[in-house]
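Numbers given in this note's numbering equal positions in the sequence shown, counted from 1, plus 8.
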Amino acid sequence: MSGIRPDDVLVRETRWRELTSTPVAPGGGLLPAAPAWWPRKPDDDALAAAAARGTPVLGETRLVDGVTMREATFLWCDDRRHGESPSVLIHLNTLTDNHRTHIVPALANRVPGTGWWALHVLLPDDALVGYRIVVTRDRLPDDVGARRECWKRVHAEGRPDALCPDRLHDGFGFVSSLWEGPGAVTHPEWSVASAEGVMAAPSIDPSGGGYGYSVEVGGGALDGFDAPGDSARRITLWQQDCCGGSDGGRRERGQDQGRGLLVLLDGEIWRRNDVVRRLGARAASWDLLLIDSGSLTMRARDLADPHRSRELVIRCLEAVRSLRPPCDPQRVVVAGQSRGGCGRCGSRPAPPGCRCSCHLPVGLLLAGVRPQGRRGGRAPGLVAPSR
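Listed below in structure tokens is the structure:
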């Protein structure tokens, strides 16, 4: 094993498996559930007590088409701001989008005699699902998602579930709730308990690691790339310390080429999701380069265009050459999520000095080195460098 890095061994041992589709109803909606815990005669007090433990409220497991499913009940309490009969849509990322021309299965129903709305469904037990609750005064048409502009408005109307403690930031600047199924496998850096409703982890780990130094990459890195009037975009290099060495001494050029460089597109999304703190434990072996996308217009223009996304990555890699020792191209990883994932795909073939790129599915945090979960439910586990 001499001379072989532990994470190289993990990558070679990874076994990729075909992901099983989430079982759904004939119309594309989630399978309905009838949880045994649901009160025979529910009242406001009983539902408030159930919601106090956090939503969705979980019930028993069911095996459906070989997939372990979990009863999940989403609850919403009338805020008296949307009239007598509001529409309450539980918008589960991807799952609800898949049947956006027939949204009735995703609408919560009012519990008679109470101020609560409820939706009982089956979700994959190993799912990680981002979701928002859309409440409107007027009835939402069943086919509201038939037109793109209408469905975009539905996205914008959504709000995080006030009864769910976990949050994530997406590529559109929205904050969503995050449900982690009991069987989900998440990366250790994201398994730290929340603090006051905000996911928190130390930026410096007890062993002396952590990202303790950052530099904003400026100068002419993107001269002629960004257009006049574009919003300013940050390009930030994070390292364990300012010299690149834990002993405080500057490394000579060519020294420590085993250090890796993780490049994350959509940098502002990762910043909001606390990536610098979360990945601090691996700072001793991986530097971190965050490349912001700027405005939504810039994001669509640059990351959806293979040539522009490739040029963006190349320019940023060139800009950090003077700030860190060169490293083996096999230790440079470009990653992105959602449209940022399109950007990393656009950088194929890999830019000079970069061995590989990977795609991180929409709305999720780093979740380990092998895929987990199910298509249409929890997106696959995300590829990330591993200790």
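Quick reminder that beta carbons are idealized off the backbone N, C-alpha and C, glycines included.
In this text, all values refer to a predicted model and were calculated from it rather than measured experimentally.
Around P47, the same chain offers A54 as residues with beta carbons nearer than 7 Å, after the five sequence neighbours per side are excluded. Per the coordinates, the alpha-carbon of S29 lies some 18 Å from the alpha-carbon of A80. Contact check between the segment 29-40 and the segment 157-175: fewer than three CB pairs, one atom from each, fall below 8 Å, which does not count as touching. CA-to-CA, the gap between T69 and G191 works out to about 11 Å.
A308 sits exposed, since fewer than 16 C-beta atoms from the chains shown fall within 10 Å of its C-beta. Taken atom to atom, the span from the alpha-carbon of D73 to that of G62 is near 29 Å. Contact annotation: F82 and P94 have beta-carbon atoms that are not nearer than 9 Å. Judged by DSSP in its simplified three-state form, W124 adopts strand. By the C-beta density criterion, D178 is buried, having at least 16 other C-beta atoms within 10 angstroms. Membership of H315 in the alpha helix (DSSP H) is indicated by the continuous run P314 to A327.
Shown here, E188 sits in a strand according to DSSP, grouped into three states. A Cβ-Cβ distance of about 37 Å is found for the pair A57 and T109, leaving them out of contact under the 8 Å criterion.
Residue pairing by DSSP places M77 opposite R70 and P132 in a beta bridge.
Counting only residues of its own chain and dropping the five nearest sequence neighbours on each side, D133 has a CB closer than 7 Å to the CB of T69, T76, M77, R78, G189, P190 and G191. Of the candidates R323, V284 and T144, the residue whose Cα lies closest to the Cα of D234 is R323.
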